[in-house]
Structures are given as C-alpha cells and as structure tokens.
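Below is one structure; the comments refer to it alone.
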Amino acid sequence: MTIKAIEGAAILAALAFTPAATPLAAQAQTNAVAHRWESYANARYGYAICYPADLLVPEPEADNGDGRAFQGKDGASLRVFGHYNAAEQTMAEAMAGDALGLAHDGAVISYRASRPGWYVLSGRIGDTIVYRRTIAAGDRRMTFVLRYPASQAALWNPITARLGRCFAAG
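Numbering-wise (my numbering), the sequence shown opens with residue 1 and increments by one.
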C-alpha cells in the first residue's frame with residue numbers, strides 16, 4: 001500500500017490499530033493525551049463519547065434527545081447521534097447507505113473498515129477530512145461524524161483515533 005493510498009483519514013485507522021510501541025503511535029497517543037478530555041453521555045440511546053474540550057465546544061443536546069453537536073474554532077466539528085434500526089438494515093446495508101450519502105455530499109472515500117458491531121468510512125470533501133464511525137447495540141445505531149480541515153490533520157488524526165476508542169454503547 002502506498003502512502004497516497006493511506007493518506008489523510010486512512011492514517012487514522014492505522015493509528016487506532018498500531019501497537020503503542022511504534023514511534024508514530026506513541027507520538028499520536030502523546031498528542032491526544034495533551035488535551036483536556038471530557039465526556040458526553042446520551043441517556044436516550046445509551047452511548048457515550050469523549051471529546052477534547054479545549055478544542056470542541058458542545059452545543060445544547062438536540063431537542064429529540066438523540067445527540068449533540070460540537071464546534072471547533074479551526075473549522076472542525078463533531079456530531080454524535082443515535083437512532084433505532086427501524087428499517088432492520090444489516091450493518092453492511094447501513095454502511096453502503098452511509099457511503100452513498102457521503103458521496104452525494106461530494107466525499108471521496110479513501111478508507112472503509114468494518115467488524116461485527118461497527119464500521120468506519122473516511123475520506124475528503126474538498127479540503128475537509130470526514131470520519132464517520134457507527135456502532136450497533138441491539139436495535140440501536142450510534143454514529144459520530146468528525147470533520148476537520150485537512151491542513152490540521154497532524155492535530156486531529158490522533159484525536160480521531162482516541163474518539164474511536166472511547167465511543168461506546170452502554
């Protein structure tokens with residue numbers, strides 16, 4: 001695999017699964033830890049996620065209680081939300097639908113991964129990196145979507161890896 005093939009958001013996944021003994025992973029963990037981390041827990045769908053409170057400011061929870069948005073000063077944003085799988089889609093069907101939705105928004109998807117209970121889609125929309133992770137728990141689906149300027153990838157890549165690790169359904 002060439003560097004071009006794993007550039008941008010695909011590096012995020014590599015960081016998430018790289019042993020901590022490697023210099024790249026160790027540096028990424030150090031960069032992510034350097035932030036002031038807080039948590040958001042959603043009572044309606046029973047999920048939680050951590051976020052760097054020094055970089056992202058939470059907006060009020062959605063009126064319907066499904067999630068919350070967070071805004072960053074540098075153009076970054078994080079949205080986290082849940083829903084019930086009323087259409088009874090498999091994770092593969094949901095992933096395909098989300099990929100179509102991202103493509104409709106102009107995204108060029110450069111990374112896809114799935115395992116039982118979760119999937120990730122990542123790519124670029126112009127100069128913005130978008131990273132979407134969905135987890136399943138019973139008939140619930142929970143998703144976070146992180147967007148940030150590609151010029152800020154060195155800052156946001158390790159943060160994205162940590163978000164992926166702390167995002168969980170209860």
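Note that the Cβ used here is the ideal one computed from N, Cα and C, for glycine as well.
These numbers come from a predicted model, not from an experiment.
Alpha carbon to alpha carbon, how far is residue j from residue i? Give it in angstroms, no decimals.
i	j	result
ALA152	ALA48	Per the sequence shown, the amino acid found at residue 152 is Gln instead of Ala. The straight-line gap from Cα to Cα measures roughly 25 angstroms.
ALA113	VAL120	5 angstroms
ALA99	ILE159	22 angstroms
ARG36	PHE70	15 angstroms
ALA150	SER77	13 angstroms
LEU102	THR143	14 angstroms
ASN64	LEU155	32 angstroms
GLU59	ALA169	21 angstroms
ARG115	VAL57	31 angstroms
LEU85	GLY164	According to the sequence provided, residue 85 is Asn. The question's Leu does not apply to it. Cα to Cα, ASN85 sits roughly 21 angstroms from GLY164.
TYR40	LEU55	15 angstroms
ALA53	ALA96	32 angstroms
PHE167	CYS50	7 angstroms
Residue i bridges to which residues according to DSSP?
i	result
LEU146	LEU78 and TYR131
ILE125	THR128
ALA136	ARG141
ARG68	VAL80
CYS50	SER39
Buried or exposed: which applies to residue i, given that a residue is buried once 16 or more other Cβ atoms fall within 10 Å of its Cβ?
i	result
SER122	buried
THR90	exposed
ASN157	buried
TYR131	buried
ALA161	buried
GLY72	buried
Specify the secondary structure class of residue i as computed by DSSP and reduced to three states.
i	result
ASN42	strand
PRO116	coil
LEU155	helix
LEU102	helix
LEU56	strand
Give a yes or no on whether the C-beta atoms belonging to residue i and residue j are separated by under 8 angstroms.
i	j	result
ILE135	ALA107	no
TYR148	GLY75	yes
TYR45	GLY82	yes
Does residue i get closer than 8 angstroms to chain B when you measure Cβ to Cβ?
i	result
PRO149	Protein chains in the displayed structure number just one, and chain B is not present.
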